[in-house]
Each structure stands twice: as C-alpha cells, then as structure tokens.
Amino acid sequence: MKKLLVGSTALFGVLSFIPAAIAQTEPGPTEEASTEDEVHELDRVIVTGVFKETALEDAPVAVTALSESEIQQAAPTSAADLLKSVPGVYVNSGLGEIRNVVYSRGVSAGSNEAASGYFYVSLQEDGLPVSSVLMTNYGPDFYSRPDLMLSRLEALRGGTATITGPNAPGGIFNYISKNGRDDPGGMVEFKTGLEGDGKNPYYRGDFYYGGEIGDSGDLYYSVAGFYRESDGARDPGYSLNKGGQIRGNLVWDYGDGELTFTGKYLDDSNGFHEFLPAFNHDDPSFAPGISPTDSFLPPAAPHSWINPTGGRSDWDATRRVQSKQVALGSKWSHDFGDGWRASNVVRYQESSTDWNTGAVIFPIPITDPLIYIFSNSFGTPGTYSFRNRSDGSLAAEVVSVVGVDLTLTQNNLPNQGVLPGGVLSQVAFDPLFEVDEFMDQFQLSKTFGDHSLTLGGFYSNADIHYRANGGGIGVSGITNQPALYDIDLTLANGDVVQVTSPEGFAAHGDTYGGGNETVGTQEQYSIFFGHAWDITDRLMFDWGLRYENIEYETTNKVGVPNPSPTPGGADGDPLTLYDNFPSVQSAPLSATRDYDYVSYSTSLAYEFTDRVQAYARYSSGKKAPDFQTMIDLDTPDEISTLFIEPQEITQFEIGLKYSGDNLNLAAFPFWSELDNVTSTQLFTDENGTPYSPTPTSGKLVTTGVEIEADYQLTDTLNMRSAVTLQKSESTGFGIWVANTPVRSDDVLVSTPDGDSDNVPDILVRSTLSYEPTDRLSGFVTWNYLGDRPANRNNAFELPAYSIFDAGLSFQINDSWELRADIKNVLNEENGVLSWAPSGGLLASLDRQALTQASLQADPDQLLSILTAQPRSYFLTAAFEF
Numbered sequence: 016m017k018k019l020l021v022g023s024t025a026l027f028g029v030l031s032f033i034p035a036a037i038a039q040t041e042p043g044p045t046e047e048a049s050t051e052d053e054v055h056e057l058d059r060v061i062v063t064g065v066f067k068e069t070a071l072e073d074a075p076v077a078v079t080a081l082s083e084s085e086i087q088q089a090a091p092t093s094a095a096d097l098l099k100s101v102p103g104v105y106v107n108s109g110l111g112e113i114r115n116v117v118y119s120r121g122v123s124a125g126s127n128e129a130a131s132g133y134f135y136v137s138l139q140e141d142g143l144p145v146s147s148v149l150m151t152n153y154g155p156d157f158y159s160r161p162d163l164m165l166s167r168l169e170a171l172r173g174g175t176a177t178i179t180g181p182n183a184p185g186g187i188f189n190y191i192s193k194n195g196r197d198d199p200g201g202m203v204e205f206k207t208g209l210e211g212d213g214k215n216p217y218y219r220g221d222f223y224y225g226g227e228i229g230d231s232g233d234l235y236y237s238v239a240g241f242y243r244e245s246d247g248a249r250d251p252g253y254s255l256n257k258g259g260q261i262r263g264n265l266v267w268d269y270g271d272g273e274l275t276f277t278g279k280y281l282d283d284s285n286g287f288h289e290f291l292p293a294f295n296h297d298d299p300s301f302a303p304g305i306s307p308t309d310s311f312l313p314p315a316a317p318h319s320w321i322n323p324t325g326g327r328s329d330w331d332a333t334r335r336v337q338s339k340q341v342a343l344g345s346k347w348s349h350d351f352g353d354g355w356r357a358s359n360v361v362r363y364q365e366s367s368t369d370w371n372t373g374a375v376i377f378p379i380p381i382t383d384p385l386i387y388i389f390s391n392s393f394g395t396p397g398t399y400s401f402r403n404r405s406d407g408s409l410a411a412e413v414v415s416v417v418g419v420d421l422t423l424t425q426n427n428l429p430n431q432g433v434l435p436g437g438v439l440s441q442v443a444f445d446p447l448f449e450v451d452e453f454m455d456q457f458q459l460s461k462t463f464g465d466h467s468l469t470l471g472g473f474y475s476n477a478d479i480h481y482r483a484n485g486g487g488i489g490v491s492g493i494t495n496q497p498a499l500y501d502i503d504l505t506l507a508n509g510d511v512v513q514v515t516s517p518e519g520f521a522a523h524g525d526t527y528g529g530g531n532e533t534v535g536t537q538e539q540y541s542i543f544f545g546h547a548w549d550i551t552d553r554l555m556f557d558w559g560l561r562y563e564n565i566e567y568e569t570t571n572k573v574g575v576p577n578p579s580p581t582p583g584g585a586d587g588d589p590l591t592l593y594d595n596f597p598s599v600q601s602a603p604l605s606a607t608r609d610y611d612y613v614s615y616s617t618s619l620a621y622e623f624t625d626r627v628q629a630y631a632r633y634s635s636g637k638k639a640p641d642f643q644t645m646i647d648l649d650t651p652d653e654i655s656t657l658f659i660e661p662q663e664i665t666q667f668e669i670g671l672k673y674s675g676d677n678l679n680l681a682a683f684p685f686w687s688e689l690d691n692v693t694s695t696q697l698f699t700d701e702n703g704t705p706y707s708p709t710p711t712s713g714k715l716v717t718t719g720v721e722i723e724a725d726y727q728l729t730d731t732l733n734m735r736s737a738v739t740l741q742k743s744e745s746t747g748f749g750i751w752v753a754n755t756p757v758r759s760d761d762v763l764v765s766t767p768d769g770d771s772d773n774v775p776d777i778l779v780r781s782t783l784s785y786e787p788t789d790r791l792s793g794f795v796t797w798n799y800l801g802d803r804p805a806n807r808n809n810a811f812e813l814p815a816y817s818i819f820d821a822g823l824s825f826q827i828n829d830s831w832e833l834r835a836d837i838k839n840v841l842n843e844e845n846g847v848l849s850w851a852p853s854g855g856l857l858a859s860l861d862r863q864a865l866t867q868a869s870l871q872a873d874p875d876q877l878l879s880i881l882t883a884q885p886r887s888y889f890l891t892a893a894f895e896f
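First residue of the sequence shown: 16, per my numbering; consecutive thereafter.
1) On the DSSP bridge assignment, give the partners of residue 380 in chain order.
2) Can you tell me whether DSSP reads residue 99 as helix, strand or coil?
3) For residue 707, which option in 672, 757, 721, 666 has the closest C-alpha, if you only look at C-alpha atoms?
4) Straight-line CA distance for residue 403 to residue 200?
5) Could you tell me the distance, in whole angstroms, from the CA atom of residue 476 to the CA atom of residue 395?
6) Could you tell me the boundaries of the alpha helix (DSSP H) in which residue 651 lies?
7) Going by the beta-carbon positions, is the gap between residue 461 and residue 352 smaller than 9 Å?
8) Take residue 691 and list the residues in its own chain whose beta-carbon comes closer than 8 Å to its own, dropping the five residues that flank it on each side.
9) In terms of alpha-carbon separation, which member of 820, 753, 645, 416 lies closest to residue 91?
10) Three Cβ pairs or more, each shorter than 8 Å: is that satisfied between the segment 559-567 and the segment 614-625?
11) Looking only at its own chain, which residues have a Cβ that is under 6 Å from the Cβ of residue 844, when we skip the five neighbours before and after it?
12) Would you mind giving the Cβ-Cβ distance between residue 189 and residue 63, rounded to the nearest angstrom? I have them listed as a contact below 8 Å.
13) Quick one, which of 338, 637, 289, 511 has its alpha-carbon nearest residue 392's?
14) At the level of alpha carbons, what is the spacing between residue 626 and residue 676?
15) Does DSSP put residue 314 in a helix, a strand or coil?
16) Would you identify the three-state DSSP class for residue 898, choosing helix, strand or coil?
17) Using only alpha-carbon positions, find the residue among 366, 107, 546 that is nearest to residue 155.
18) My understanding is that residue 173 touches residue 77, with C-beta atoms under 8 Å, so please give their C-beta distance in whole angstroms.
19) Leaving out five residues before and five after residue 248 in sequence, what residues of the same chain have Cβ atoms less than 6 Å from its Cβ?
20) Assuming the contact rule is C-beta atoms closer than 8 Å, residue 483 and residue 531 should be a hit. Round their C-beta distance to whole Å, please.
21) Terminal residues of the continuous alpha helix (DSSP H) containing residue 666?
22) Once the 5 residues before and after residue 710 are set aside, which same chain residues still bring their CB inside 8 Å of it?
23) Helix, strand or coil for residue 887 per DSSP?
24) Quick one, are the C-beta atoms of residue 429 and residue 493 less than 9 Å apart?
25) If you draw a straight line from the alpha carbon of residue 671 to that of residue 338, how long is it in whole angstroms?
26) Smallest Cα separation from residue 645: which of 609, 309, 638, 273?
27) Alpha carbon to alpha carbon, how far is residue 72 from residue 549? Give it in angstroms, no decimals.
28) When the Cα of residue 746 is compared with those of 731, 379, 768, which residue comes out closest?
29) Give me whichever residues DSSP pairs with residue 608 in a beta bridge.
30) Starting from the C-beta of residue 890, find all residues in its chain whose C-beta is less than 6 Å away, skip the five residues before and the five after it, and write them out in chain order.
31) DSSP three-state call for residue 586: helix, strand or coil?
32) Relative to the C-alpha of residue 465, which candidate in 453, 556, 814 has its C-alpha closest?
33) Can you find the residues in the same chain that come closer than 7 Å, C-beta to C-beta, to residue 728, ignoring five residues on each side of it along the sequence?
34) Starting from residue 690, follow the beta strand (DSSP E) in both directions and report where the run begins and ends.
35) Scan the segment 171-248 and note each continuous alpha helix (DSSP H) run of 4 residues or more that stays entirely inside, going in chain order.
36) Alpha carbon to alpha carbon, what distance is there between residue 602 and residue 110?
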C-alpha cells in the first residue's frame, strides 16, 4: 500500500497539471508560440545517441539534456550526482566522490558492489569515454570531475547506446565542455562548507576563462580548473579529498569546419566511506554507540615491506586513492557541401590510480579463524593478546590450546552492543592501476533527399598494468576513527611472537594480499552504420548496426609462498611474525580472449503536430566481460576452461513527447531484458586457500515508464521532475553453498525467481524553483528512492526514503553572486544505499547467500550498511567577468 501511495502521488504530481497546462500553452490568435524567458529550454540541440545534431524534441531516443544552470543548481560533489536528475537512472554516490554506482532501466547486475559501478554504461567527456578500460575497482569516475568548464550533460538511456556507444548498451552520459568561442568571458568561484552535519570543513576554488585570441576572428581558447580539500561527510582523521585538475581547449574555426585541441591534467586523492553496523533488517538503524557521521577507515599507519619482486612497497592511509591523468586530444569536423560531413575525435591519455586505503572493514568476531589464517599464526597453540597502542593496556585475550580452537578469555573491547567479542577487520588495501590509452572515433555522413546515412568507426588500444601489493591485515575496535591493536602471541615455552608490526598490521607482503601482477592489452574496434529516412514530412524511420570486436591479452604472475624463505623474515627475527612470509611471483601465465558481436537498433517516429511527437524503438546489444576477467585467470586450468560469455541486453521503448510554451513533457514506457548474468562467490578450502566455484547465469527483466516534465507554473515558479516507475524480476539464478572447507562437497542451490535486487520500484527527483526577481532565486529538490530487494533471494527489502535539498542564490550586481546550499536538509540518517551481511570476514562479501529462512532463524543478526551522506552546508561566492 505504501508503494502504491507514493507511486500514485509521484505520478499524479507530474501528470495532474497537464490538461490545464496544455490548454494554457496552445497559442491563440494573438499569443506568441513561445519565448525563451518563459519556458525552460528542452529543445536544445543534442549530439549524444544520434548520428547528426538533432533538436531534443525531435530525437527518437530517450535522452535528457541538463543545462549549465541546472548543473549549477544540482551542486554536484561527484560526476555521478548530476545523473540523479535523469529519469530511469539509479545513482549510488554514498561512498563519496569516487566509486559511484550508475545504471539505467534495471540493467543492474552487481550494482550492490561499488567495485564495478559503471559496467554497463559509458561515462564520456566530449564524445569519447573517460576510459575505455573497466576492471574491479577501476572505472571512469576516478578521472572525471565536474568544474566550471562543464557546459551541459547529455544522458542517453539504452536504445541507440547499443550502436553509438563502445561496449556500453546500458547508456551514454556525455559531459560536454565549454570553449572560448561559444562561452567567452571568465568566472571564479570560492566554495566553503561543512559536511558531516556541520562538523567537517570543505574548501574549493574554481576558475574558467575563455575568449578570442587577439583579433584573429577564428582562434579561440579556454582554460579551467579547480582545487579542493575536505574531510568528507565522515571524518577519518585526515583529509578525505585533496587535489584538483586543470584543463583547456583551443578552437580554430576555419569556416567550413573547425579543429579543437584539448588537454587535461588531473591529480586528485580521494577516500571513500565504509559500511557502518546496524540492526533490524525491516527498517535498518545504526547499532548502539554508532553515529551516522562515524568513520571506520583505518588510521594513517605508514609502513613498508619487501614485495615479491624484491623491492620495497609502502602504504599510508593519508594518501588515500591518488588518481592522476594526463590527456591530450583533438576534435575535427568539416562540412564538404552537397550533404557530406565528416568528424573525428581522438585522445591519448596516461592514467594511474594508486590505492592506500582500507578494505573488507566489517565487524567480525575476534575468534574468526580467518584473522589468524591471514596473519599466518593459525594452528599455533598459545595466548593472543590484543593491546591498545596508546597505553599498552589489554583490550582482549584469545587462547588456543591445540592451535585451531580459539576462545575469548578476556574482553575489554569497545561497543560490545554491536557484536559480542567483536572487532573490525582492517586490510591495508594497496593495488596499483596504470593504463595508457589511445582512442579515436570517426564519422562520415551523407544527406541526400529524404535520407541520411552515417558510417563510422571506433578504435581504442590500452596498455594495462595492475599490481596487488600486500599491506597486511589488522584489527581495531568498533569505534569512530579506530586505532589498530598490537597483537602478540605467547607460546607455551614462554616466547612472545609479535604478530603485528609496530604500525599494527600483520602479514606484510604475503600471498593473501600481495604478489599478483598483470600486464596486458585491450584492443577494441567497432564499425557502425546508421540510416535515417524521412518517409513523409511527419513519419521517420531509422535503423543502425554496430559490429564490436574486443581482444584481451594478458600475462599474469601470481603471488606464491617463497620456496626458500629467509630465516626470520626481513629482519632475521623469527619472533617478529609479520615479516616472515613475503610471497614471490609464480612463473608467468599468458592468456587471450576475443569477443565479437553485432548490435542493432531501429525505430519508427511520427510527428503528430509541431508540439507532439512519438516513436517506438527496439534495440538488441551485448556487453563483453571487462578486463577483470583476464586478471582472474590465474591458474592453467582456468585459462584453458573458463570462458565468460557476453551478456545480452534487449530493450523495447516508446517515446511520447509534448513541447509547449510553458510545459515540456516526455514519457518513455520501456521493457528491458538482461540475460546471461553471472555472479562470483569467494570461499576458502581446508588449506585456507581462497577459491571461486563455477558461476551460474540468470536473467533480469524490467518493465517501467520514465517521465520527464518541465512546467513553468507562473512567471516566477518552475517545476522540473524526473520520475521512474518500474518492476524488475530475476529468474534462473543459483548460489553455491560450501558445506565444509572441502571443495568437492559444495552444493549448488537454485535461487527462487523473484524481484531483482537493488532495483527500486520508484525513483523521483523533483525541483521547485522560485525566482521572484532577477537577482533572487531559490529552489527545493525532493529525492525519493523506493523500496528495493536487498538480494536475489529477496531476503529483505531496503526501505524507501526521501531526501530534500535546498538552495538560495542572490545576484549582488552584474559580477558578484552568492549561493547557499543545504544537502539533505532534514538529515535523513537511514537512507540505506548498500549493505553487507554478518557471519565472518568472507561471509560479509557474499550478499546473495542470505535467505529469508536464515534471517527468520536469526532476525537479530548484524547488518552493515552504507547510507546517504549526512546533512551538509555550502556557501559559494562567484565572480563573473
């Protein structure tokens, strides 16, 4: 009933004013059809998802265009934040500025895991992907930052993305830059704020300047950038975000065409928030002693170790995730006359992401065997002492009589209402990604009579280097800004073994966390063709094909135990256990995989009047596995037998559009099917070796409608709404159950057909803007995220919630403007965006294993949740010249 009520309210709120609005907007004998001052411009020209520039209301695609003023009003803290204004698109930006999750129309497999948040879509800058490479914990939002050079955003859901996007059938989100010819002048912005419900400082400065070079009449330039430092919504005890970028372009307009050169340098370090413990799956709330502004990120704890190549690696949490990118490119377009037109956009970039952060940070019992297995002490009888590093006092004591039994004998741990005998696992996560890419896209079009033909190609080549370093594992108390415990083991003979280093981490450089390294290439080329035919003045037919080919080549080296270890480890002391088990690399393993397939899309569009258009479109495409599948091929058996097939995406949509003087309205009923979806599980065998059983595949089917409305209610009042109503179902999935650590008795259990996980039934973003004078304006935005199943077993539902944002802007004079914004005005604390189950170190990573039966048997079991970010306040001063 609650779903029906909210859904009906949202739909009614968008549609109830249509009859009156249409009546108002139909021009009378003396009324002008429209003025730009009275109506929001939805009829701007778009370039994304179409083969030629097309007016938005005429384009037979589901695309949303956000203007510069709408971008400014959204006050985004990440590139993904802007996509919340697009119907049909789910955005989880709860982690912060990076590692966001974005999908559209229920094409959502794996969307509870931020490690692959852009798997189905293409995040682009000026028509080319920010990166053509995807792999676990590596994606485009490490290198995409909105700044004052951002002119507009064009967001395409499904449809023609199958033919206009490189291996991105779920959608294309194109962030389009300003240039000095179209956007002359300059602007400087200074932004300060308090995040974390008014606790944590935020500082940022932006600039943009562009214009003509001298009196040339054909040369223009622009340059922009920003620098930002903040402690984040949940302060880890050091800056969470620190860095910025500078970029620019140079345009030569030579009459029949133009040539643009672009460049960007980004150096930005970002952290991301970790899960916090909660209870009550029906309506999750934070556990006693836990605040929504708490941070579980590890302390700085800088340390170094010998890596598998014999050199030294180091880790320091204050360096966070440092992303760097240097990019140089050009864009050329030329009109040859007689209907011929060509364009080419090319970019070369060198990108790297160096991680110094935590991972697998969950409340677990201090007697979880994996703590001791990963610390290389499991099986040794003795007494483990966990000591506070500040004063050496005893936090806990665990006794093992025969080496495999673990008994908590003393407990002075904090926040035991969260989990009796509970601590936080803390992994020093230290991977390195380096990617050098070349990308080029060419299009040649010809218009003759009622026909328009386009032939194009896309090519990319990437050299990829991935290395996993082993910074070790530690444990801490379940508390804000946790400190690591020192762990020592007293043996039966009285010897005391130091399990952790002086910085608090065990198992430096061992096989569980380090040694894996991949060097490889990803080569991708596509050929696409499109044909648009104006059958009559009002009836148009189009169709297009895309042939995609992706080739992977890799050489993998795996971290293995050293067959000839140095006695006593790096320091020669057998009683300092943390450095006694450094891994070495295995012999190289080479692998190749090739994928090629054809995708297509076709539509029929009809223009009923100058104000009313409609179309129907059918699209079919595939999505090839990303580069992570190559990294995972780390045994000869997997290389010879494991072949992951592409997923298949089929969509049917109808577009209904009305454009009037005061109202622009569009509705897109759609049906979407995602097939051949697999999911990976991680177990450990009787030897403590992690392994993944063969995954099974299933299907997701989503039916829904996207509604977009922009209504100028009065001269001073405007409402813009994006609403999605949908229903998604999953079929054919299964999970493995490990009965014992022996691999051979794993059992495959079918998952009951049910609702798809993490697909909300309702999505709403509605903004009411008020502009009483030319100098003063304000807005209130309502964000609503409906119920969605937590996993495919439909074990429980993540509850619906609302968040309100508000802002006020005052134009002091022609140059100066002041803006004040509040995000999450009512400080919604329980807006759950993602979750993890309890049960142990690896069990916390297996969301699909939780069932309704296991939850009913233990309804009070712990839950780890990631919520929407707490309330924040921002004040911006902008100077335009």
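For every residue, glycine included, the Cβ atom is placed at its ideal position computed from N, Cα and C.
Reading it off the structure:
1) Within the sequence shown, residue 380 is the residue found at index 365, counting from 1. Beta-bridge analysis with DSSP links residue 380 to 437.
2) Residue mapping note: residue 99 aligns to position 84 of the sequence shown, counting from 1. Helix at residue 99.
3) Locating residue 707 in the sequence shown gives position 692, counting from the first residue. The shortest Cα separation from residue 707 among 672, 757, 721, 666 belongs to 757.
4) Mapped onto the sequence shown, residue 403 falls at position 388. Mapped onto the sequence shown, residue 200 falls at position 185. Each residue's alpha carbon lies about 58 Å from the other.
5) Counting from one through the sequence shown, the residue named residue 476 turns up at place 461. Counting from one through the sequence shown, the residue named residue 395 turns up at place 380. Their backbone Cα atoms lie some 50 Å apart in a straight line.
6) For the purposes of this step, residue 651 is identified with residue 636 of the sequence shown, where counting begins at 1. Taken as a continuous stretch (DSSP letters only), the alpha helix (DSSP H) holding residue 651 covers 651-656.
7) Start at 1 with the first residue of the sequence shown, and residue 461 comes out as number 446. Start at 1 with the first residue of the sequence shown, and residue 352 comes out as number 337. In this structure, residue 352 does not lie closer than 9 Å to residue 461 by Cβ.
8) In the sequence shown, residue 691 corresponds to position 676, counting from 1. Cβ within range, chain order: 660, 661, 662, 663, 712, 714.
9) Taking the first residue of the sequence shown as position 1, residue 91 is located at position 76. The residue with the shortest Cα to Cα distance from residue 91 is 820.
10) With the rule of 3 Cβ pairs closer than 8 Å, the segment 559-567 counts as touching the segment 614-625.
11) One-based indexing of the sequence shown puts residue 844 at position 829. Cβ neighbours of residue 844 beyond the five flanking positions: 307.
12) Within the sequence shown, numbered from 1, the residue matching residue 189 stands at position 174. Within the sequence shown, numbered from 1, the residue matching residue 63 stands at position 48. Contact holds; Cβ gap of about 4 Å.
13) Taking the first residue of the sequence shown as 1, we reach residue 392 at position 377. Per the Cα distances, 511.
14) As a position in the sequence shown, residue 626 is number 611, starting the count at 1. As a position in the sequence shown, residue 676 is number 661, starting the count at 1. Approximately 10 Å between the Cα atoms of the pair.
15) As a first step, residue 314 is located in the sequence shown; it is residue number 299 there, counting from the start. Correct three-state label for residue 314: coil.
16) The requested residue 898 is not part of the displayed model; the chain covers only 16 to 896.
17) Taking the sequence shown and counting its residues from 1, one reaches residue 155 at position 140. Of the listed residues, the one whose Cα sits closest to residue 155 is 366.
18) Position 158 of the sequence shown, counted from the first residue, corresponds to residue 173. Position 62 of the sequence shown, counted from the first residue, corresponds to residue 77. Going by Cβ atoms, the distance from residue 173 to residue 77 rounds to 7 Å, so yes, they are a contact pair.
19) On the sequence shown, position 233 is the one that residue 248 refers to. Closer than 6 Å at the Cβ level, and outside the excluded window around residue 248, lie 210, 211, 884, 885.
20) As a working mapping, residue 483 is identified with position 468 in the sequence shown. As a working mapping, residue 531 is identified with position 516 in the sequence shown. So it is a contact: roughly 4 Å between Cβ atoms.
21) Along the sequence shown, one-based indexing puts residue 666 at 651. Counting along the chain, residue 666 falls outside any alpha helix (DSSP H), though it belongs to the beta strand (DSSP E) covering 662-674.
22) Translated into the one-based positions of the sequence shown, residue 710 becomes position 695. 693, 694, 695, 696.
23) Taking the first residue of the sequence shown as 1, we reach residue 887 at position 872. In the structure shown, residue 887 sits in a strand (DSSP, three-state: E or B).
24) Here residue 429 refers to the residue found at position 414 when the sequence shown is read from its first residue. Here residue 493 refers to the residue found at position 478 when the sequence shown is read from its first residue. Yes.
25) Position 656 of the sequence shown, counting from 1, holds the residue named residue 671. Position 323 of the sequence shown, counting from 1, holds the residue named residue 338. About 42 Å.
26) The sequence position of residue 645 within the sequence shown is 630, counting from 1. Nearest option by C-alpha distance: 609.
27) The sequence position of residue 549 within the sequence shown is 534, counting from 1. The sequence position of residue 72 within the sequence shown is 57, counting from 1. As the crow flies, the alpha-carbon of residue 549 is around 16 Å from that of residue 72.
28) For the purposes of this step, residue 746 is taken as residue 731 along the sequence shown, with counting starting at 1. Closest by alpha carbon: 768.
29) Mapped onto the sequence shown, residue 608 falls at position 593. Note: residue 608 sits in a beta bridge opposite 567.
30) To locate residue 890, count along the sequence shown from 1; it is residue 875. Once the five neighbours on either side are set aside, the close Cβ partners of residue 890 are 207, 835.
31) Residue 586 sits at position 571 when you count from the first residue of the sequence shown. Helix.
32) By 1-based counting over the sequence shown, the position of residue 465 is 450. For residue 465, the nearest C-alpha among the options comes from 556.
33) As a working mapping, residue 728 is identified with position 713 in the sequence shown. Within the same chain, residue 728 has close Cβ partners 734.
34) Here residue 690 is taken as the residue at index 675 of the sequence shown, counted from 1. Where residue 690 is concerned, the enclosing beta strand (DSSP E) stretches over 678-693.
35) 176-179, 210-213
36) In the sequence shown, counting from the first residue as 1, residue 110 sits at position 95. In the sequence shown, counting from the first residue as 1, residue 602 sits at position 587. Roughly 37 Å between the two C-alpha positions.
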